[in-house]
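In my numbering, the protein residues as written are 30 to 426.
Heads up, the beta-carbon is just placed ideally off N, CA and C, and yes, glycines get one too.
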Ligand code: NDP
């Protein structure tokens with residue numbers, strides 16, 4: 030059906046390649062390119078059967094990207110490198126007339142700032158070039174946004190209150206590790222909190238608002254209100270929302286480590302001089318922390334991510350909870366990575382499939398909730414992330 034170029038050979042890239050390789054009717058030809066070619070080769074060797082070509086590319090170097098795209102001629106690029114590369118890859122897509130998909134919004138390396146403005150600014154150029162950009166197609170953002178679109182389409186006349194709840198109840202046995210790229214993860218969770226209420230953003234101190242929430246099959250876990258990027262596009266695309274918030278679970282152990290890391294300056298993203306050389310502390314920290322890609326082997330337990338929604342249906346208030354529980358052990362058995370990489374890589378694969386099948390194909394730049402959720406929801410059940418719906422239950426929020 031089509032050719033795909035995947036950029037980024039990390040935990041998420043490993044899952045994307047493993048899933049795409051298992052769908053030969055959709056992904057005829059696959060190339061994996063990343064900064065370190067040996068990592069691409071190792072992933073390709075695991076898949077076997079010469080299904081996956083590999084290449085080295087610096088995705089911050091637009092001419093290098095353009096040359097690679099021109100030689101492989103993909104239909105779509107799946108960007109699972111880091112958010113810093115998004116704009117460079119989008120520039121290369123524009124120069125070559127190739128569509129684009131990612132799982133996290135652009136961040137400037139020198140400032141931890143999460144907003145879609147930079148990528149939305151490509152709307153006219155992508156539309157004029159007749160190519161599609163699918164933004165935020167992991168789990169959150171991604172599936173959570175598609176759950177919201179599905180709820181708005183099938184369960185409500187109007188949605189009013191949205192709480193996205195993200196629980197990782199897994200145990201990797203390490204004192205401290207992040208579940209995806211440590212630099213991106215620590216920048217995200219040390220931010221001030223922010224949520225949408227009555228037409229405006231309300232700011233909070235980091236982790237200021239928290240409460241125990243019950244997760245299906247897991248039980249109560251302390252959940253912290255943080256800002257997460259999908260809130261920005263969801264309040265724009267669902268203007269009936271009176272309030273939209275995002276909650277994530279953290280253990281006390283994790284928060285203590287995080288506080289120490291910040292207090293001793295290791296979360297700094299500005300350069301400091303060390304032995305006559307400039308280093309960025311958070312990047313040095315990444316070098317000594319466990320690689321998220323190596324956590325899978327001993328990871329036990331589940332993730333549970335979903336949307337708790339209240340709104341009006343046929344003139345009456347109703348509540349709705351839709352979620353997926355994913356087992357770290359099952360994810361590892363299938364792909365060799367833990368559930369956080371799995372729950373991101375599977376939706377990215379489905380998004381690329383939606384594009385290649387012509388279902389999610391329109392010129393311009395779009396967040397995932399702007400496409401028809403139904404065919405995507407169907408594939409979630411087939412590709413390993415089944416969902417459960419609960420109606421008229423206590424949402425606790
Ligand atoms: P990793 O750090 O494991 O992998 C990132 C990969 O990108 C590495 O292989 C790295 O290369 C490569 N890379 C970095 N810079 C460049 C560059 N300039 N050119 C080419 N390749 C480069 O990250 P993850 O796999 O954990 O995460 C991947 C993405 O997924 C991130 O953007 C993250 O924010 C997003 N994500 C989204 C989630 C969601 O639900 N929406 C959840 C989790 C993650 P090298 O190996 O040489 O360092």
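Between residue i and residue j, which are expected to be in contact by the criterion C-beta below 8 Å, what is the C-beta distance as a whole number of angstroms?
i	j	result
residue 33	residue 107	6 Å
residue 172	residue 414	7 Å
residue 249	residue 241	4 Å
residue 74	residue 88	Their Cβ separation, rounded to whole angstroms, is 22 Å, which puts residue 74 and residue 88 out of contact at 8 Å.
residue 132	residue 95	That pair is no contact at about 22 Å.
residue 424	residue 348	5 Å
residue 258	residue 143	5 Å
residue 404	residue 175	The Cβ separation is near 10 Å, so there is no contact.
Between the alpha carbons of residue i and residue j, how many angstroms are there, rounded?
i	j	result
residue 417	residue 100	43 Å
residue 307	residue 313	11 Å
residue 35	residue 337	33 Å
residue 353	residue 301	42 Å
residue 374	residue 42	7 Å
residue 113	residue 408	29 Å
residue 293	residue 311	11 Å
residue 72	residue 191	38 Å
residue 37	residue 343	46 Å
residue 59	residue 91	21 Å
residue 23	residue 316	Only positions 30 to 426 of the chain appear in this structure, which leaves residue 23 out of reach.
residue 262	residue 225	11 Å
residue 55	residue 39	23 Å
residue 161	residue 187	28 Å
residue 117	residue 150	14 Å
residue 393	residue 85	28 Å
residue 209	residue 123	29 Å
residue 350	residue 97	44 Å
residue 272	residue 194	14 Å
Among the options, which one has its Cα closest to the Cα of residue i?
i	options	result
residue 182	423, 399, 424	399
residue 426	239, 57, 279, 56	239
residue 322	395, 202, 155, 366	366
residue 286	259, 102, 206	206
residue 253	223, 382, 88	223
residue 44	421, 357, 389	357
residue 276	244, 64, 303	244
residue 50	363, 130, 421	363
residue 355	410, 269, 147	410
residue 427	384, 406, 412, 196	With the chain covering only 30 through 426, there is no way to say anything about residue 427.
residue 333	102, 137, 198	198
residue 216	179, 136, 274	136
What do you reckon, is the C-beta of residue i under 7 Å from a heavy atom of ligand 3?
i	result
residue 110	The model depicted lacks ligand 3 and carries ligand 1 instead.
Counting only runs that start and end within the segment 208–293, where is the alpha helix (DSSP H) found for 4 or more residues in a row?
Complete alpha helix (DSSP H) runs here, min 4: 211–218, 259–266, 281–292.
Which ranges would you report for the beta strand (DSSP E) in the segment 127–161 if only whole runs of at least 3 residues count?
128–131
Starting from the N-terminal side, write out each stretch of the beta strand (DSSP E) that is 3 residues or longer and does not extend beyond the segment 339–379.
Assignment of beta strand (DSSP E) within the segment 339–379, counting only whole runs of 3 or more residues, yields 345–356 in chain order.
Suppose only complete runs of 4+ residues qualify. What are the alpha helix (DSSP H) ranges in the segment 395–426, listed by chain order?
402–412
As an exercise, report each continuous alpha helix (DSSP H) stretch of at least 4 residues that is fully enclosed by the segment 48–135, in chain order.
66–76, 91–101, 115–125
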